[in-house]
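*Asks:* Those protein sequences? They're chains A and B, same order as listed.
When we follow the working numbering, the leftmost residue of the first sequence carries the number 18, and every step to the right adds one.
When we follow the working numbering, the leftmost residue of the second sequence carries the number 18, and every step to the right adds one.
In this text, a Cβ means the ideal position worked out from N, Cα and C, and glycines have one as well.
There are 2 protein chains.
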Amino acid sequence: MILSKTTEYALSILGFMATRNRELYPAEYLYAQLKIPRQYLRRLLTDLTKKGFIASTRGRNGGFVFARDLSTINFSQVIDAMEGPEAMNTCLLGFAACIADHPCAMHDLWLEARAKMVETLTKTSLADLREKYLKDQVTNDK
Amino acid sequence: MILSKTTEYALSILGFMATRNRELYPAEYLYAQLKIPRQYLRRLLTDLTKKGFIASTRGRNGGFVFARDLSTINFSQVIDAMEGPEAMNTCLLGFAACIADHPCAMHDLWLEARAKMVETLTKTSLADLREKYLKDQVTNDK
DNA sequence: ATAATATACTACAAAAATGTAGCATTTTAT
DNA sequence: ATAAAATGCTACATTTTTGTAGTATATTAT
Numbered sequence: 018m019i020l021s022k023t024t025e026y027a028l029s030i031l032g033f034m035a036t037r038n039r040e041l042y043p044a045e046y047l048y049a050q051l052k053i054p055r056q057y058l059r060r061l062l063t064d065l066t067k068k069g070f071i072a073s074t075r076g077r078n079g080g081f082v083f084a085r086d087l088s089t090i091n092f093s094q095v096i097d098a099m100e101g102p103e104a105m106n107t108c109l110l111g112f113a114a115c116i117a118d119h120p121c122a123m124h125d126l127w128l129e130a131r132a133k134m135v136e137t138l139t140k141t142s143l144a145d146l147r148e149k150y151l152k153d154q155v156t157n158d159k
Numbered sequence: 018m019i020l021s022k023t024t025e026y027a028l029s030i031l032g033f034m035a036t037r038n039r040e041l042y043p044a045e046y047l048y049a050q051l052k053i054p055r056q057y058l059r060r061l062l063t064d065l066t067k068k069g070f071i072a073s074t075r076g077r078n079g080g081f082v083f084a085r086d087l088s089t090i091n092f093s094q095v096i097d098a099m100e101g102p103e104a105m106n107t108c109l110l111g112f113a114a115c116i117a118d119h120p121c122a123m124h125d126l127w128l129e130a131r132a133k134m135v136e137t138l139t140k141t142s143l144a145d146l147r148e149k150y151l152k153d154q155v156t157n158d159k
């Protein structure tokens, strides 16, 4: 499972915005591009605004823009914001077998495996994503 | 999020059974030990039986035993069986930004990060878990 | 001013995951 | 034979996640 649909949506939205060249992204435009259910998308955009990743302007010519530099937003931050910071921190074997006894045997291995994934997600910013995307595009168009 | 509660339960059950010295594990005993909701636990045990990890015997003196050698059951197999084989294989940025265009820029990084985790989960069997558990126990008791 | 085009909010609906209850069936000790 | 102790099964209940509808509010072009 790894990520909830909601978190995937959030990453999809931010990832899309980060790799295009618009200033402003109205919800309706994102809907047309991403096909995330319309009202759900709007709610997520409001959430992402409240969480400080993007900023909104209302009224005609309104829409969403990034609230801070792409280089300051990494994937772990987005995941933590959407799923809660504890989501990536539970023991693989759960409570019982782990806590009841002594730290579960799998704990170390699991921590290590997960740590590597989290590290990659932490060190990669939306700016990195954009850079990679643009480079790939040049290569493909050639 | 990473794993559903159901999958955590399954790993908890099998991990617990793998690290103790009983032959036979009746549901009621596992309930007492693991505190997984009683009826849900029973259902999971039936599922795990149908999926071939454990075998059941009914009637008095019945219960559950491993259906195959501990060394032939790894964590990936259990996760795949519980969540479906595709669960660990979706693109981080989801469909739209990824497929609509060209393979999404994040894809490679994501694949790599996840692959490491899956590798660890694949190469670790319940026999490894048991071994580690027993070793830790000796150390702790000293 | 007003209409058009945005986001914000609230309440509800549907689907999926998790949890519960109760009875049926099987086996074995007595 | 019968009671006890176990799994198997089905149907329902609750909770969480995901999705929908409609109205309120803000901004700007005309």
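Near B/Asn-91, what residues of its chain come up, given a Cβ to Cβ distance below 8 Å and the 5 sequence neighbours on each side ignored?
*Replies:* Around B/Asn-91: Leu-138, Thr-139, Lys-140, Thr-141, Ser-142, Leu-143.
*Asks:* With distances taken Cα to Cα, identify the nearest neighbour of A/Phe-165 among A/Asp-125, A/Glu-103, A/Leu-87.
*Replies:* Nothing can be reported for residue 165 of chain A, as the shown portion of chain A is limited to 18 through 159.
*Asks:* Within a Cβ cutoff of 8 Å, which residues of the same chain sit near A/Gly-80, ignoring the five residues on either side of it in sequence?
*Replies:* Contacts found: Leu-41, Tyr-42, Pro-43, Ala-44, Tyr-46, Ser-73, Thr-74.
*Asks:* If you reduce the DSSP assignment to three classes, tell me which class A/Phe-81 lands in.
*Replies:* Here A/Phe-81 sits in strand by DSSP.
*Asks:* According to DSSP, is B/Ser-93 helix, strand or coil?
*Replies:* Of the three classes helix, strand and coil, the one that applies to B/Ser-93 here is helix, per DSSP.
*Asks:* Which residues does DSSP list as the beta-bridge partners of B/Ala-98?
*Replies:* Answer is none; B/Ala-98 lacks a bridge partner.
*Asks:* Using only alpha-carbon positions, find the residue among A/Asn-38, A/Arg-147, A/Val-95 that is nearest to A/Asp-62.
*Replies:* It should be pointed out that residue 62 of chain A corresponds to Leu in this sequence rather than to Asp. If we check each option's Cα against that of A/Leu-62, A/Val-95 comes out closest.
*Asks:* Tell me which same chain residues have a C-beta within less than 7 Å of the C-beta of A/Gln-154, skipping the five on either side of it?
*Replies:* If we look at A/Gln-154 and ignore the five residues flanking it on each side, it has no Cβ neighbours.
*Asks:* Does the separation of the CB atoms of A/Met-134 and A/Ala-27 fall below 7 Å?
*Replies:* Not a contact, by the Cβ cut-off of 7 Å.
*Asks:* For the alpha helix (DSSP H) holding B/Thr-24, just list the boundary residues, first then last.
*Replies:* Note, B/Thr-24: alpha helix (DSSP H), 22-36.
*Asks:* By Cβ distance, which residues of its chain are closer than 6 Å to B/Gly-69, with the 5 residues on each side in sequence left out?
*Replies:* So the qualifying residues of the chain are Ala-84.
*Asks:* Report buried or exposed for A/Asp-97, applying the criterion of at least 16 other Cβ atoms within 10 angstroms of its Cβ.
*Replies:* Classification of A/Asp-97: buried, given that the 10 Å Cβ count is 16 or more.
*Asks:* At the 7 Å Cβ level, is B/Lys-133 part of the contact set with chain A, yes or no?
*Replies:* Answer yes: the Cβ-Cβ gap between B/Lys-133 and chain A drops below 7 Å somewhere.
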